[in-house]
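In our numbering, the protein residues as written are 5 to 244.
Ideal placement from N, C-alpha and C gives every residue a C-beta, glycine not left out.
I have placed the structure first, in the form of structure tokens, so that the comments after it can refer back to it.
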Amino acid sequence: MQVHLRPRLAAAASFLCGFRTVADIGSDHGRLAVALLQQSSATRVIASDISADSLTKARALALRCGVSEEQLAFSVSDGLSHLAPGEADALVFAGMGGELIARLLEEGTAVAQAAECIVMQPMGGTLELRRFLLEQGYALADEQLVLDAGRYYQIIAAKPGSGQPADMPCDALLEFGPIAFAKRDPALYPALLRCRDSRLRRMRKAEQRGIVPPQLAHALHGVQELLNIWERERQTNEAN
Numbered sequence: 005m006q007v008h009l010r011p012r013l014a015a016a017a018s019f020l021c022g023f024r025t026v027a028d029i030g031s032d033h034g035r036l037a038v039a040l041l042q043q044s045s046a047t048r049v050i051a052s053d054i055s056a057d058s059l060t061k062a063r064a065l066a067l068r069c070g071v072s073e074e075q076l077a078f079s080v081s082d083g084l085s086h087l088a089p090g091e092a093d094a095l096v097f098a099g100m101g102g103e104l105i106a107r108l109l110e111e112g113t114a115v116a117q118a119a120e121c122i123v124m125q126p127m128g129g130t131l132e133l134r135r136f137l138l139e140q141g142y143a144l145a146d147e148q149l150v151l152d153a154g155r156y157y158q159i160i161a162a163k164p165g166s167g168q169p170a171d172m173p174c175d176a177l178l179e180f181g182p183i184a185f186a187k188r189d190p191a192l193y194p195a196l197l198r199c200r201d202s203r204l205r206r207m208r209k210a211e212q213r214g215i216v217p218p219q220l221a222h223a224l225h226g227v228q229e230l231l232n233i234w235e236r237e238r239q240t241n242e243a244n
């Protein structure tokens with residue numbers, strides 16, 4: 005049986021090629037872990053989850069797919085507590101909130117700092133996650149946006165850096181990704197448009213109530229600034 009990943013997980017998997025041992029944190033039913041082995045992206049995967057029931061289902065999936073226990077190990081644990089520094093070349097956190105990922109990285113600093121690469125697919129909290137990474141001296145290595153079942157997801161790859169805080173981009177870039185914006189990720193422009201329109205609707209409702217949250221106004225301004233830069237660049241290219 006071959007495991008087929010939905011686009012957000014397939015994108016995360018594409019960032020994990022070539023690492024010998026990958027630790028899949030919050031593995032849930034194990035689809036990403038099994039797919040990494042089937043695609044020969046990793047030699048060994050350590051799948052962990054706080055839920056024993058989820059790992060029982062992951063074991064069953066591995067059995068159906070012919071994946072051996074030598075290739076795929078399981079651990080019921082919270083975060084990185086089950087790993088020794090250097091045990092995994094790469095870490096992947098897919099399908100959990102950005103603030104939770106940041107907390108798990110902070111609690112497992114020694115393990116995280118010993119990894120060559122950390123791949124994250126947060127369900128939200130991207131601004132908070134990137135801010136944490138840069139404050140802790142991690143280096144953003146790559147980013148990608150993916151449309152999956154009508155929703156845009158972000159994939160973030162980071163590497164341990166100098167340990168010194170890095171220069172902090174503006175909040176809009178922290179939210180949507182300085183690398184994704186710099187390389188003009190094709191999925192980013194429609195994602196920005198959707199976000200801008202959603203925030204405009206919320207702003208109008210807030211104005212009707214006579215109370216406009218400063219955070220909403222700031223967030224709307226930030227996404228509009230990114231769109232303005234992109235559109236000016238597009239107009240310049242068309243003129244040339």
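By the 16-neighbour rule on beta-carbons within 10 angstroms, Q148 is buried. Between the stretch 37-49 and the stretch 106-115 there are fewer than three inter-stretch CB-CB distances shorter than 8 Å, so the stretches are not counted as touching. The alpha carbon of A77 has as its nearest neighbour, out of C69, R63, G70 and G90, the alpha carbon of R63. Secondary structure of G102 (DSSP, three-state): helix. If you draw a straight line from the Cα of D201 to the Cα of I233, it comes to about 17 Å. When DSSP states are grouped into helix, strand and coil, M207 belongs to the helix group. In this structure P126 is buried. Its beta-carbon is surrounded by 16 or more other beta-carbon atoms within 10 angstroms. Within 10 angstroms of the beta-carbon of L67 lie fewer than 16 other beta-carbons, which makes it exposed.
Boundaries of the beta strand (DSSP E) around V150: A143 to D152. Look at V26 here: in three-state DSSP terms it is strand. Shown here, P217 sits in coil according to DSSP, grouped into three states, outside any helix or strand. For G83, same chain residues with a beta-carbon under 7 Å away, outside a window of 5 residues either side, are I29, L108, E111 and G112 in chain order. Cα atoms of L13 and D32: separation of roughly 12 Å, rounded to the nearest angstrom. Looking at the DSSP output, M124 bridges to F97 and I160. Separation of R188 and G128 (C-alpha to C-alpha, rounded to the nearest whole angstrom) is 21 Å. In this structure D93 is buried. Its beta-carbon is surrounded by 16 or more other beta-carbon atoms within 10 angstroms.
Counting along the chain, R48 sits inside the beta strand (DSSP E) bounded by residues A46 to D53.
For I105 against L133, the beta-carbon gap comes to about 6 Å, under 8 Å, which counts as contact.
For the 8 Å CB-CB criterion, G165 and G141 form a contact.
Taking a C-beta distance under 8 Å as the contact criterion, A223 and R203 qualify as a contact pair. Annotated as proximal: L196 and L231, with beta-carbon spacing under 8 Å.
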